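In terms of my numbering, the sequence shown is residues 188 to 604.
We put the beta carbon where it would ideally sit given N, CA and C, even for glycine.
Remember, predicted model here, so these are calculated numbers, not experimental data.
This report concerns only the one structure given below.
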Amino acid sequence: MSDNLEKRMVELEQELQLYKRFVKQLPFPFQFTDYSLGMVMKKKRGQHEPEIHSIVANGQDDVDLHLDIDPSTDLPFEQIETFLAPILDLVPHHIVFVDGNGIITLCNLQAANDTGVDRDSMIGKHIRELLKLPDELIMTLKSIEMNEPIYNQEVLDRYYGIINTRFIRNEDGSIKRVISMFQSLNLMKETEKLAVAGRIAAGIAHEIRNPLTTVRGYLQFFKTDLPDRIVSLIDKLLIPELDRANGIITDFLNIAKPAEVKAEKMNINQFITEDLGILLHSEALLHNIEVHYNLDERLNVYDVEADKNQLLQVFLNLFHNAVEAKVKKTMRVSISSKLYNNIVQIYFCDDGPGIPLTIIDHIFDPFFSTKETGTGLGLSLSRKIIELHKGTMKVQSSAEGTSFIIELPVNKQESAS
């Protein structure tokens, strides 16, 4: 058995144990039927372990969820949502509960993080304020209007993915809650593009890198038999250009098959001020750039698991891009951190001329560059490094400057728990 397969089996076993423990802790009776699997899970009043029975599978993806809630003896539904919230925060999809009017009663962290809102502030607001979409484009509202659940419907607005909705009803049949689960496929699209890039990179490495090495070796070999002016041409132009081409191939290969992440626990504020700050200090003086820090003190008791050298590579690349975009005598670069839900947001901002709107959507594409000598691989590689750290990297720009926003998961230090 391969190590990857064994690791995956352990992960699946842990996930199964998590679901089992979750079901045991549910404080109310329920019945859940999955017709595609042909199975029913039922937990009766006073039971600790749920009962699981087989039924005849009908090949459909339909599921039914019935909650047996007696208002006089059991928990109000709002308390049930409070109980569910921290568990649903572990799910890597968007999960939102709304009432019959589209008012949010529960929103998990994945939905809040991906839409850029504070999760707690969304409770009690209309779902349009979460999604920032017109009502006619919000599938959850369409589901309420049709009074029917949605099964595996593709969404092609600003959020690309698959949505499902399910209903919990009151005794009179009216809608108590609509549960919406959205599976984002944006990351999958990026993964597919990188897979294609990997296959191209393998071909490039095989067809170009070996001949380049051969040519470089022969140039070095023949130098002793050539006139000085030819030797100068080889040393100053030909060999540097061959090395540059080889460097481009290496960067491209790093995007397709990046180096392994050697993660260690570290405090992000300390990393910014000490590790990164020391490196930026001399370069900032050299290029007449002012660097300012604005760090969230709440993060002093949180750690990120990251490869320090790879993160330094990302921020140094952003700094060098800012230097190359500098048009004024001086430039101001600000680096700030902020604790947001269960992540740290790191803002790397400059007051340069900004990125034109016509090209901002392409700056992370491999080989896209506005510089005459640029390879267009720096930002692609930087974002790939952040994604390998289970984070995201975004950009905002205007005539007042450019901001790169990096988000990474954080964990509270054990001593601070």
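Own chain residues within Cβ distance below 8 Å of SER259, not counting five before or after: Position 72 of the sequence shown holds residue 259. Per-residue confidence for SER259 stands at a pLDDT of 46, beneath the threshold of 50, marking its modelled position as unreliable; the derived number appears in the next sentence. Excluding five sequence positions before and after SER259, none of the CB atoms of its chain fall closer than 8 Å to its own CB.
What is the C-beta distance between THR607 and LEU318, in whole angstroms, given that I count them as a contact (C-beta under 8 Å)? What the structure shows of the chain is the stretch from 188 to 604, and residue 607 is not part of that stretch, so it cannot be assessed.
Quick one, are the C-beta atoms of PHE551 and SER567 less than 8 Å apart? Here residue 551 is taken as the residue at index 364 of the sequence shown, counted from 1. Here residue 567 is taken as the residue at index 380 of the sequence shown, counted from 1. Yes; because the gap between Cβ atoms is below 8 Å, this pair is in contact.
Can you say whether VAL278 is buried or exposed, counting buried as having 16 or more other CB atoms within 10 angstroms of its CB? As a working mapping, residue 278 is identified with position 91 in the sequence shown. VAL278 is exposed by the Cβ-count criterion.
Within 8 Å (strictly less), CB to CB, does VAL243 reach chain D? The structure shown contains no chain D; it is built from a single protein chain.
For MET518, count neighbouring C-beta atoms within 10 Å of its own C-beta (all shown protein chains included) and say buried if the count is 16 or more, exposed if not. Position 331 of the sequence shown, counting from 1, holds the residue named residue 518. It is buried - the Cβ of MET518 has at least 16 other Cβ atoms within 10 Å.
Span separating the alpha-carbon of ILE325 from that of VAL243: The residue you call residue 325 lines up with position 138 of the sequence shown. The residue you call residue 243 lines up with position 56 of the sequence shown. When rounded, the distance between both Cα atoms is 34 Å.
With burial defined as no fewer than 16 other Cβ atoms inside 10 Å of the residue's Cβ, what is the status of VAL514: buried or exposed? Residue mapping note: residue 514 aligns to position 327 of the sequence shown, counting from 1. Here VAL514 is exposed. Its C-beta has fewer than 16 other C-beta atoms within 10 Å.
Classification of ALA509 by the beta-carbon crowding that lies within 10 angstroms, buried from 16 upward: Sequence index remark: in the sequence shown, residue 509 carries index 322 (1-based). Result: buried.
Nearest-angstrom Cα separation, counted from ILE314 out to GLN201: Position 14 of the sequence shown, counting from 1, holds the residue named residue 201. Position 127 of the sequence shown, counting from 1, holds the residue named residue 314. GLN201 and ILE314 have their alpha carbons spaced roughly 33 Å apart.
How would you label TYR405, buried or exposed, when you count the other beta carbons within 10 angstroms and need 16 or more for buried? Along the sequence shown, one-based indexing puts residue 405 at 218. That one is exposed.
What separation, rounded to the nearest whole angstrom, lies between the Cα atoms of LEU467 and VAL531? What you label residue 467 is simply residue 280 of the sequence shown in a count that begins at 1. What you label residue 531 is simply residue 344 of the sequence shown in a count that begins at 1. If you take the alpha carbons of LEU467 and VAL531, they lie about 21 Å apart.
Between the Cα of LEU275 and the Cα atoms of GLY289, ALA299 and ILE290, which residue gives the shortest distance? Along the sequence shown, one-based indexing puts residue 275 at 88. Comparing alpha-carbon positions, the option among GLY289, ALA299 and ILE290 lying closest to LEU275 turns out to be ALA299.
Return the chain-ordered ranges of every alpha helix (DSSP H) run that is complete within the stretch 473 to 561 and spans a minimum of 4 residues. The stretch 473 to 561 contains these whole alpha helix (DSSP H) runs: 495 to 512.
The alpha helix (DSSP H) that contains GLU268, what's its start and end? By 1-based counting over the sequence shown, the position of residue 268 is 81. Element bounds for GLU268: 264 to 275.
Leaving out the 5 sequence neighbours to the left and right, which residues in its chain are closer than 7 Å to THR579 when beta-carbon positions are compared? For the purposes of this step, residue 579 is taken as residue 392 along the sequence shown, with counting starting at 1. The residues ILE573 and GLU594, in chain order, have a CB closer than 7 Å to that of THR579 in the same chain once the five nearest residues on each side in sequence are set aside.
Leaving out five residues on either side along the sequence, give the residues of the same chain with a beta carbon under 7 Å from the beta carbon of ASN475. Here residue 475 is taken as the residue at index 288 of the sequence shown, counted from 1. Contacts found: LYS516 and THR517.
Using a 10 Å radius around the Cβ and a threshold of 16 neighbouring Cβ atoms, would you call MET309 buried or exposed? Position 122 of the sequence shown, counting from 1, holds the residue named residue 309. MET309 comes out buried.
GLU341 in three-state terms, based on DSSP: Within the sequence shown, numbered from 1, the residue matching residue 341 stands at position 154. For GLU341, the secondary structure class from DSSP, reduced to helix, strand or coil, is strand.
According to DSSP, which residues form a beta bridge with LEU324? Against the sequence shown, residue 324 aligns to sequence position 137. Beta-bridge pairing links LEU324 to no other residue.
PRO596 - partner residues in DSSP beta bridges: Reading the sequence shown from its first residue, position 409 is the one you call residue 596. Note: PRO596 sits in a beta bridge opposite ILE530.
Which listed residue (TYR206, TYR480 and GLN497) has its alpha carbon closest to that of ILE522: The residue you call residue 522 lines up with position 335 of the sequence shown. When TYR206, TYR480 and GLN497 are compared, the shortest CA-CA separation from ILE522 is found for TYR480.
Using a 10 Å radius around the Cβ and a threshold of 16 neighbouring Cβ atoms, would you call ASP412 buried or exposed? Within the sequence shown, the letter at position 225 stands for residue 412. Burial call: exposed.
Please go through the same chain and pick out, in chain order, the residues whose beta-carbon is closer than 6 Å to the beta-carbon of LYS152, but skip the five residues on each side of it. Nothing can be reported for residue 152, as the shown portion of the chain is limited to 188 through 604.
In this structure, how does DSSP classify LEU317 when only helix, strand and coil are distinguished? Within the sequence shown, the letter at position 130 stands for residue 317. Residue state for LEU317 is assigned as helix, using DSSP reduced to three classes.
Whole angstroms is fine: what's the gap from GLN500's alpha carbon to GLY541's? Position 313 of the sequence shown, counted from the first residue, corresponds to residue 500. Position 354 of the sequence shown, counted from the first residue, corresponds to residue 541. Distance between the alpha carbons of GLN500 and GLY541: 22 Å.
DSSP three-state call for ARG232: helix, strand or coil? Position 45 of the sequence shown holds residue 232. Reduced to three states, the DSSP call for ARG232 is coil.
Where does VAL210 sit, in a helix, a strand or coil, going by DSSP? As a position in the sequence shown, residue 210 is number 23, starting the count at 1. Helix at VAL210.
Start and end residues, alpha helix (DSSP H) containing PHE409: For the purposes of this step, residue 409 is identified with residue 222 of the sequence shown, where counting begins at 1. Taken as a continuous stretch (DSSP letters only), the alpha helix (DSSP H) holding PHE409 covers 397 to 409.
For GLN297 and VAL283, the rounded distance between their alpha carbons: The count along the sequence shown starts at 1 and reaches residue 283 at position 96. The count along the sequence shown starts at 1 and reaches residue 297 at position 110. Those two C-alpha atoms are separated by around 10 Å.
Compare the beta carbon distance of ARG403 and ILE417 with 8 Å and say whether it is the shorter of the two. As a working note, residue 403 is residue 216 in the sequence shown. As a working note, residue 417 is residue 230 in the sequence shown. Their beta carbons are not under 8 Å apart, which means ARG403 does not touch ILE417 by this criterion.
Under a Cβ-count criterion, where at least 16 other Cβ atoms within 10 Å of its own Cβ denotes burial, should LYS230 be classed as buried or exposed? Counting from one through the sequence shown, the residue named residue 230 turns up at place 43. Classification of LYS230: buried, given that the 10 Å Cβ count is 16 or more.
Buried versus exposed, by CB contacts within 10 Å (16 or more), HIS507: On the sequence shown, position 320 is the one that residue 507 refers to. With fewer than 16 other Cβ atoms within 10 Å, it is exposed.
Just to confirm, are LYS599 and TYR489 a CB contact at a threshold of 8 Å? One-based indexing of the sequence shown puts residue 599 at position 412. One-based indexing of the sequence shown puts residue 489 at position 302. Yes, Cβ-Cβ distance for LYS599 and TYR489 is below 8 Å.
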